[in-house]
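Presented below is the structure to which this report refers.
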Amino acid sequence: MSWTDIYNQNLWIDSGDTSELNEILPLIRKPQEHIIDIGCSFGRISIALAKLGFKVTAIDVADKPLQSIKNNYGHLTNLTTCLINSSELPFADQTTDGCVAINSIYHGRFKDVIEMVNEMYRVLRKEGWVFATFLSTEDWKFGVGEEIEKQVFVSDIGADPGIPHWFAERKDLEALFKGFDMVSLGLKKETVSFPAGPVISAHWKCIARKR
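If you want it as structure tokens, here you go:
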């Protein structure tokens with residue numbers, strides 16, 4: 001199943017939670033920064049940042065959520081949308097100040113994750129920042145479904161069936177961001193209730209700056 005199918009079937013619902021702004025805003029050093037939101041979905045973070053006056057490009061591989069952003073927030077002239085179909089970001093080298101990637105770039109094989117991190121490095125200016133989250137191997141979904149390569153599983157459950165998920169350990173992320181200065185790398189674990197019983201949700205929260 002593709003992301004277009006997932007959105008067309010209304011399987012993915014954006015929580016609307018913008019609590020990550022509390023950690024993103026201290027990273028921003030000047031009011032005119034250009035920020036890209038990779039895998040923006042319906043734009044909860046993109047919209048919030050644009051309302052604060054920052055220049056934001058909301059990026060996704062599915063058109064439906066981007067159309068929703070344009071239809072509802074087209075009046076925000078500092079917010080633009082961009083549809084992509086690969087790991088290549090449509091920006092020149094060193095033209096971006098910040099990259100947000102919340103619950104997005106771990107969807108894929110490991111090579112896809114590497115390519116996107118390399119692309120973020122390419123488009124960021126010196127001392128540009130990244131705020132990204134990744135699934136941990138301690139998450140309840142790790143080991144569920146078919147392992148198509150090391151630490152990459154595909155299952156038919158959840159809001160994104162058929163989409164590969166890469167699960168990371170701390171050492172994986174430290175190696176992945178070796179071209180950056182790691183500002184912080186923390187593991188957030190919480191209990192989530194399901195009809196079949198509680199499970200552990202575990203995500204890495206990575207904040208890094210380009211050297």
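Here the UniProt record's numbering is used: the first residue of the sequence shown is 1, the next is one more, and so on.
We put the beta carbon where it would ideally sit given N, CA and C, even for glycine.
Distance check between M182 and each of I207, T191, P195 and A202 places I207 closest, using alpha-carbon atoms only. Residue environment: P26 is assigned as exposed (fewer than 16 neighbouring CB atoms within 10 Å of its CB, all protein chains considered). Annotation for D172: the continuous alpha helix (DSSP H) segment containing it runs R170 to L176.
Inter-segment contact for the stretch 91 to 105 and the stretch 122 to 131 is present: three or more beta-carbon pairs are separated by less than 8 Å. A Cβ-Cβ separation of about 6 Å places D97 in contact with R125 under the 8 Å criterion.
For the pair T81 and I45, the Cα-to-Cα distance works out to about 13 Å. Here V183 is not bridged, per DSSP, to any residue. Nearest to F91 by C-alpha distance, out of T57, G53, I24 and H203, is T57. The Cβ-Cβ distance between H203 and I163 does not fall below 8 Å. The residue from F54, L89 and G43 with its alpha-carbon nearest to that of Y73 is G43.
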